[in-house]
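As structure tokens, the structure follows; a few thoughts come after it.
Residue numbers (this note's numbering): 9 to 180.
Below, the structure is given as structure tokens:
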């Protein structure tokens with residue numbers, strides 16, 4: 009994990025603040041010295057340095073907050089997207105079932121007794137276009153399944169906790 013880029017941004021903003029305040033102090037000091045040397049009111053009034061320092065500090069705080077917000081949002085979103093692309097073995101479940109009913113985009117199955125208790129009973133799933141249906145690594149369609157067929161159903165749970173069918177394999 010590299011050096012966080014937002015530290016560099018914060019350091020640059022603070023360096024800009026310090027440089028601006030130092031330059032303003034120098035300009036203010038020169039203005040005061042010229043006014044004292046000439047002893048005339050030919051120079052325009054300048055804002056006292058402490059007021060400039062306060063205003064610039066507030067501006068830097070606001071800019072720092074905005075930068076922190078957007079950089080933090082981007083870093084968190086990138087980490088979230090990265091976590092979505094990784095699945096662990098606990099995110100994938102497989103169980104065997106007997107087909108009870110096949111609809112246009114749905115399938116009703118009953119888990120067999122060899123499965124874990126949580127996968128015994130009837131389940132109705134929506135089958136989307138992205139769901140793979142296979143028989144011995146050959147693609148099939150949902151209409152190829154009939155009542156009584158034995159299938160293996162592979163479920164994938166994403167980071168949001170949503171479980172969806174990844175693949176249905178006809179065992180026969």
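Yeah, the Cβ is synthetic: ideal placement off N, Cα and C, and Gly gets one too. Here the structure is a predicted model, which is why all the values come from computation and not from measurement.
Supposed contact pair residue j and residue i - C-beta distance, whole angstroms, cut 8 Å
{"i": "residue 180", "j": "residue 143", "result": "7 Å"}
{"i": "residue 153", "j": "residue 178", "result": "7 Å"}
{"i": "residue 64", "j": "residue 25", "result": "6 Å"}
{"i": "residue 60", "j": "residue 32", "result": "5 Å"}
{"i": "residue 36", "j": "residue 54", "result": "6 Å"}
Of the listed residues the options, nearest to residue i (C-alpha basis)
{"i": "residue 164", "options": "114, 100, 152, 128", "result": "100"}
{"i": "residue 56", "options": "69, 85, 39, 45", "result": "39"}
{"i": "residue 171", "options": "87, 148, 146, 139", "result": "139"}
{"i": "residue 62", "options": "88, 29, 45, 75", "result": "29"}
{"i": "residue 110", "options": "166, 155, 36", "result": "155"}
{"i": "residue 79", "options": "146, 15, 147", "result": "15"}
{"i": "residue 112", "options": "42, 145, 137", "result": "137"}
{"i": "residue 58", "options": "71, 81, 77, 34", "result": "34"}
{"i": "residue 12", "options": "82, 88, 169", "result": "82"}
Residue i (DSSP reduced to helix, strand or coil)
{"i": "residue 19", "result": "helix"}
{"i": "residue 70", "result": "helix"}
{"i": "residue 56", "result": "coil"}
{"i": "residue 142", "result": "strand"}
{"i": "residue 160", "result": "strand"}
{"i": "residue 179", "result": "coil"}
{"i": "residue 34", "result": "helix"}
{"i": "residue 62", "result": "helix"}
{"i": "residue 24", "result": "helix"}
{"i": "residue 106", "result": "strand"}
{"i": "residue 169", "result": "coil"}
{"i": "residue 120", "result": "coil"}
Neighbourhood of residue i by C-beta distance below 7 Å, restricted to the same chain and skipping five residues each side
{"i": "residue 123", "result": "103, 104"}
{"i": "residue 72", "result": "18, 21"}
{"i": "residue 127", "result": "103, 119"}
{"i": "residue 173", "result": "133, 135, 139, 161, 163"}
Other residues of its chain near residue i: CB distance less than 8 Å, five sequence neighbours each side excluded
{"i": "residue 129", "result": "118, 119"}
Spatial neighbours of residue i in its chain, beta-carbon cut-off 6 Å, leaving aside the 5 residues before and after
{"i": "residue 75", "result": "17"}
Determine, using beta-carbon pairs with one atom in the region 151 to 167 and one in the region 104 to 122, whether at least three such pairs fall under 8 Å.
The region 151 to 167 is in contact with the region 104 to 122.
Stretch-stretch touch, CB-based, cutoff 8 Å, three pairs: the region 108 to 119 with the region 129 to 136
Result yes; three or more Cβ-Cβ pairs closer than 8 Å.
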